[in-house]
Amino acid sequence: MPDTMARRDTADTEDRDIVQRVLAGEVEAFAPLMERYQNYVLAIVNRHAPPDQVEELSQEVFIKAFQSLAGWRQAGHFRAWLSVIAVRTCYDYWRKHYRSREVPMSALSEAHREWLDRVLADASETSWQEMTRRREAREILDWALDQLSAADRMVLELVHLEGQSVKAAARQLGWTVANVKVRAFRARRKINKLLLQNRGQS
85 MPDTMARRDT ADTEDRDIVQ RVLAGEVEAF APLMERYQNY VLAIVNRHAP PDQVEELSQE
145 VFIKAFQSLA GWRQAGHFRA WLSVIAVRTC YDYWRKHYRS REVPMSALSE AHREWLDRVL
205 ADASETSWQE MTRRREAREI LDWALDQLSA ADRMVLELVH LEGQSVKAAA RQLGWTVANV
265 KVRAFRARRK INKLLLQNRG QS
C-alpha cells in the first residue's frame, strides 16, 4: 500500500509538471500524458460506448482534456479529472446519436430468455453485475439499454453495473446526488419493466 501511494504521488507530481509545461506553451509535452492514460481512457469508453466508436471517442476525450487544461484544479488527481471527461464524452455521444432500436424478444434465443427469467426472479445487485460477465447476458442488456434515454443509460451503467457510489456517479456526470439517486431508481425500475413486458410478448 505505501509503495502504491508513493507511485501515485509521483505520478500526480509528474502530471502537474507536464500540465504546467503545456500551459506555458510547450504543446508537445502533452504526449506523455496521452501515453500514460491511453489504456485507462480506452477502458472507460469501452464500458459505455459501441465498440466501433471507442477509438474515436477516446481521442475526443484527450482533445477535450487538452483544450480544458487551464480549468483543471491541480489540487486534484489528473486521472480522476480525465475519467470525468471520458464519462461525459460517452454521455454526449448517446445524447447526440441515440436511436431506439425496436428488437422483438422473439429474436432472442431460448437460452437468452431462460437467463432473463432467472435475472428477473433475482433483483439483487449481484445479478445485475453478472450481466457484464456473460455473453448472452451482455446481448440482452445491450438490447434493453438501447431502449432507455441517454441519461438513464449512463446512470444505470455507473451505479448498478459498475457499482459506483451515487456520489461518484454524480461527480462524473455533473449532476446532484439527489438527481442521481432518483434517476438510478427510475432507470432500474424502467429497465425491469421493459424486460418483463417484452418477455410477455415473446
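In our numbering, the protein residues as written are 85 to 286.
Glycine residues also receive a C-beta, built at the ideal position from the N, C-alpha and C atoms.
Here the structure is a predicted model, which is why all the values come from computation and not from measurement.
Is any heavy atom of the ligand SAM found at a distance shorter than 8 Å from the C-beta of residue i?
i: D236; result: The model depicted lacks the ligand SAM and carries no ligand whatsoever.
Compare the Cα-Cα distances from residue i to each of the options and report the closest residue.
i: V145; options: R157, A154, Y121, P134; result: Y121
i: Q151; options: Q248, V103, Q231; result: V103
i: W178; options: S233, F114, L279, N263; result: S233
i: A268; options: L240, Y175, A170; result: L240
i: R237; options: D136, F114, A252, R270; result: R270
i: I169; options: K148, V243, Q158, L225; result: K148
i: K277; options: Q231, N130, H181; result: Q231
i: L245; options: A115, E119, V125, R131; result: R131
i: K180; options: S167, V129, A164, A235; result: A235
i: W259; options: Y124, Y175, L166; result: Y175
i: S142; options: R157, Q158, S167, W156; result: S167
Quick check on residue i: buried or exposed, where buried means 16 or more other Cβ atoms within 10 Å of its Cβ?
i: A127; result: exposed
i: T97; result: exposed
i: D99; result: buried
i: V138; result: buried
i: R273; result: exposed
i: A228; result: buried
i: T94; result: exposed
With a CB to CB cut of under 7 Å and the five nearest residues on each side skipped, what residues in its chain are close to residue i?
i: H161; result: D96
i: D101; result: none
i: K265; result: V250
Near residue i, what residues of its chain come up, given a Cβ to Cβ distance below 6 Å and the 5 sequence neighbours on each side ignored?
i: E110; result: none
i: Q248; result: L242
i: L117; result: I102
i: E223; result: none
Go through its chain and collect everything with a Cβ distance to residue i's Cβ below 8 Å, but skip five positions before and after it.
i: A154; result: L107
Enumerate, from N- to C-terminal direction, the unbroken beta strand (DSSP E) stretches of 3 or more residues contained entirely within the region 133–189.
none
If you scan the region 216–255 from start to end, which runs of the alpha helix (DSSP H) of 4 or more residues do you find wholly inside it?
Runs of alpha helix (DSSP H) with 4 or more residues, each lying fully within the region 216–255, are found at 219–229, 234–239, listed in chain order.
Kindly provide the ranges of any alpha helix (DSSP H) runs that are 4 or more residues long and lie completely inside the region 107–135, ordered along the chain.
115–132
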